[in-house]
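Numbering (my numbering), first residue to last: 31 to 432.
Pasting the structure below:
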């Protein structure tokens, strides 16, 4: 068999991609090890810092997976002074009933439970945050979703960053855990990969902040400087846009030294597809020039042309790249998530990467996205426009009037 260089040209994108992923892996691992080495110093600085009040704005919408355990983790936080503001658009939301019940078990906690949102604001979460913010009493605000579970010591570790008066926002890398189904495993691995693994890499390598609302802390004055949430009411990626506006107002952003955990257990293929198409569509419209770079960090789909050649030598290269990607992702996920990935879900990593690859292309042509039972039109810059009315709007309004 004569050697031909032309087929080996197909291996270049594959090898470049796995090398880029390896660099991101090294940065994430180095970040995690550095955090461990400085743990003693951080504990000393936290111990001597003056108490700083925190208000947690907890947006709720329905009974999420393990919601009670998630909510109790905030009640059990070892920090004072602490205020928790729970809210839902519908006063009859079962999540509010659960929050009230847990609050009765913790009478020492400063808790506010409110409902109602401005129906004219396209983003339902932002509409609710505007309502909750009016009840905040402390200088530092934590924006937290219902599927977040607080770890002991998270609050003092993050608050240390606000000792610098220039810091207006601190964001935590996000890891997702708890998978019990294949779609949940795909979502959790992908979430950890993008919102923790590559977030850390982007920050260390390019100095870019990729902020996620699961662990987004903001100084009250920084919010006031940008008119609170008014300017992000029609943004699909309100967390990212909020960080941009805080930075534009002259405040410093900082990546926290501790990840935040979200719990996602029993996802379906439908929910997995809807969420990833929506997020991919938003990323494509927010930053079109950076969107193609996502393919650079997804090496497994690049192995398909190598296998299609039918050449044994290129098939060996493809197998080596797939094995390297799986090992890199498993090790990074184990380190960042602090839990071992079940072997049956480790085998889903190639499926995950091919699924995300497909969503990347579909999102280029999708004009709408599904979110919380509504259809939204995706517009340039990540803006959203409702196409359908809120689900069960009339019964909710009737209960509110009653």
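Glycine residues also receive a C-beta, built at the ideal position from the N, C-alpha and C atoms.
DSSP lists 89 and 144 as the beta-bridge partner residues of residue 117. Every alpha helix (DSSP H) stretch that sits fully inside the region 35 to 63 and reaches 4 residues is listed by chain position as 35 to 38.
With a cut-off of 8 Å on Cβ pairs, the region 80 to 92 is in contact with the region 164 to 178, counting three or more such pairs.
Under the three-state reduction of DSSP output, residue 133 falls in the helix class. In the DSSP assignment, residue 347 falls within the alpha helix (DSSP H) that extends over 342 to 367. Looking at 329, 235, 330 and 207, the one whose alpha-carbon comes closest to that of residue 370 is 207. In this structure, the beta-carbon distance from residue 290 to residue 355 does not fall below 8 Å. Annotation for residue 198: the continuous beta strand (DSSP E) segment containing it runs 197 to 201.
The three-state secondary structure of residue 232, taken from DSSP, is helix.
If the five residues before and after residue 419 are omitted, its C-beta is found closer than 8 Å to the C-beta atoms of 404, all from its own chain and listed in chain order.
For residue 415, the enclosing beta strand (DSSP E) covers residues 414 to 416.
Taking a contact to require three or more Cβ pairs closer than 8 Å, the region 281 to 299 and the region 182 to 193 qualify as touching. Beta-bridge pairing by DSSP links residue 293 to 207. Selection 203, 96, 385 and 81 evaluated against residue 108 yields 81 as nearest (Cα-Cα). In this chain, the alpha helix (DSSP H) harbouring residue 251 covers 250 to 255.
Membership of residue 401 in the beta strand (DSSP E) is indicated by the continuous run 398 to 401. For residue 213, the closest alpha carbon among the candidates 301, 273 and 275 is that of 301.
Rounded to whole angstroms, the separation of the alpha carbons of residue 233 and residue 198 is 17 Å.
Put simply, the backbone Cα of residue 249 is about 12 Å away from that of residue 272. In the displayed model, residue 174 falls within a strand according to three-state DSSP. In the DSSP assignment, residue 405 falls within the unbroken beta strand (DSSP E) covering 404 to 408. In terms of Cβ geometry, residue 225 and residue 366 do not form a close pair [threshold 8 Å].
In the three-state scheme derived from DSSP, where H, G and I count as helix and E and B as strand, residue 303 is classed as helix.
Here residue 150 is not bridged, per DSSP, to any residue.
Judged by beta-carbon spacing, residue 141 lies within the 8 Å limit of residue 114, meaning their Cβ atoms are closer than that value. In the structure shown, residue 308 falls within a helical segment according to DSSP collapsed to helix, strand and coil. Within the model, the alpha-carbon separation for residue 380 versus residue 361 is close to 15 Å.
Each residue's CA atom was taken as its position, placing residue 211 and residue 37 some 39 Å apart. Taking the Cα positions, residue 316 is about 20 Å away from residue 328. In this chain, the alpha helix (DSSP H) harbouring residue 189 covers 184 to 189. DSSP places residue 389 inside the alpha helix (DSSP H), whose first and last residues are 379 to 393. Rounded to the nearest angstrom, the Cβ distance from residue 167 to residue 281 is 21 Å, too far for a contact under 8 Å.
The alpha carbon of residue 389 has as its nearest neighbour, out of 122, 368 and 305, the alpha carbon of 305. Counting along the chain, the unbroken beta strand (DSSP E) around residue 284 starts and ends at 282 to 285.
As DSSP reads the structure, residue 179 sits in a beta bridge with 291. When the five nearest sequence neighbours on each side are left out, the beta carbons in the same chain lying within less than 8 Å of the beta carbon of residue 279 are those of 198, 252, 255 and 256, in order along the chain.
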